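Peer 1: Before I ask anything, here is the structure I am working with.
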Amino acid sequence: MNKKVSLKNQLFRWIRGCKRLVVLGVGNPMRGDDAVGIEVVKRLFRRVPEWIRVLDCGTTPENFLPEIEAYRPTHVLIVDAAELHTEPGEAQLLPLEKMLNSAISTHMIPLSILAGVLAEEIKAKIVLLGIQPRDTIYTEKLSPELQRAAEEIAEILLEVVREKK
7 MNKKVSLKNQ LFRWIRGCKR LVVLGVGNPM RGDDAVGIEV VKRLFRRVPE
57 WIRVLDCGTT PENFLPEIEA YRPTHVLIVD AAELHTEPGE AQLLPLEKML
107 NSAISTHMIP LSILAGVLAE EIKAKIVLLG IQPRDTIYTE KLSPELQRAA
157 EEIAEILLEV VREKK
């Protein structure tokens, strides 16, 4: 099965029953492909239905906890670069328990801890949409593979939320 179709199907299954969704774009814009999560959410701003909040969290997603908790989402999707041991630009949905070993540590607090706090406080379904980076060197540019991946993943997310019943 095509990897894009597989990701879309996984997202459809995960989003089932969603009433309010928060999409967190996480990453360091000075570390090349680590900024892919931020790039994905930038492509979602003003294009999603009103039941979705999109947040560019940079390297400090913990600073957005009050805003996330106030919205009371049923689902939280964290989009970030992750070491998946795959080709650059490939994406996977990872449950909370797998976040510990895959997220790239350029954030103040590990995503696994943030996700654990959110799961405990708001009882939301939380997953990481991890995207394999090519380079996390000091640069403000994404690699061509990750630029393409950011666009494709944003479009897949838009398709999923628009088709959700």
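Position 17, counted from 1, in the sequence shown is what my numbering calls 23; the numbers after and before it change by one each time, with no gaps. The beta carbon of each residue, even a glycine, is placed where N, CA and C say it ideally should be. Fair warning: this is a prediction, and the values are worked out from it, not measured in the lab.
As a quick exercise: from W20, I143 and N34, pick the residue whose alpha carbon is nearest that of L170.
Peer 2: Sequence index remark: in the sequence shown, residue 170 carries index 164 (1-based). Looking at the sequence itself, residue 170 is Lys, so the reference to Leu does not match. It is W20.
Peer 1: Where G64 and K129 are concerned, what is the direct C-alpha to C-alpha distance, given to the nearest angstrom?
Peer 2: As a position in the sequence shown, residue 64 is number 58, starting the count at 1. As a position in the sequence shown, residue 129 is number 123, starting the count at 1. For G64 and K129, the distance between alpha carbons rounds to 24 Å.
Peer 1: According to DSSP, is P101 helix, strand or coil?
Peer 2: As a working mapping, residue 101 is identified with position 95 in the sequence shown. Residue state, collapsed to three classes: strand.
Peer 1: Using the Cα positions of L102 and G33, report the straight-line distance between them to the nearest angstrom.
Peer 2: Along the sequence shown, one-based indexing puts residue 102 at 96. Along the sequence shown, one-based indexing puts residue 33 at 27. Taking the straight line joining both Cα atoms gives about 18 Å.
Peer 1: Taking just the CA atoms, how far does E165 sit from G38?
Peer 2: Looking up residue 38 in the sequence shown gives position 32. Looking up residue 165 in the sequence shown gives position 159. For G38 and E165, the distance between alpha carbons rounds to 27 Å.
Peer 1: Go ahead and label V47 buried or exposed: buried means 16 or more other beta carbons lie within 10 angstroms of its beta carbon, across all protein chains shown.
Peer 2: Looking up residue 47 in the sequence shown gives position 41. Label assigned to V47: buried.
Peer 1: Hey, how far is the Cα of I58 from the Cα of L27?
Peer 2: Position 52 of the sequence shown, counting from 1, holds the residue named residue 58. Position 21 of the sequence shown, counting from 1, holds the residue named residue 27. Near 5 Å, if we compare the C-alpha coordinates of L27 and I58.
Peer 1: Quick check on DSSP: helix, strand or coil for N148?
Peer 2: For this step, residue 148 is matched to residue 142 along the sequence shown. At residue 148 the sequence reads Leu, which differs from the Asn that was named. Correct three-state label for L148: coil.
Peer 1: For G122, does the three-state DSSP call read helix, strand or coil?
Peer 2: Numbered from 1 along the sequence shown, position 116 holds the residue referred to as residue 122. Looking at G122 - three-state DSSP - the assignment turns out to be helix.
Peer 1: So what's A160 in DSSP terms, helix, strand or just coil?
Peer 2: As a position in the sequence shown, residue 160 is number 154, starting the count at 1. Helix at A160.
Peer 1: Going by alpha carbons, who is nearest to V85 out of R168, E93 and E157?
Peer 2: By one-based count along the sequence shown, residue 85 stands at place 79. Residue E157 is the option with its Cα nearest to V85.
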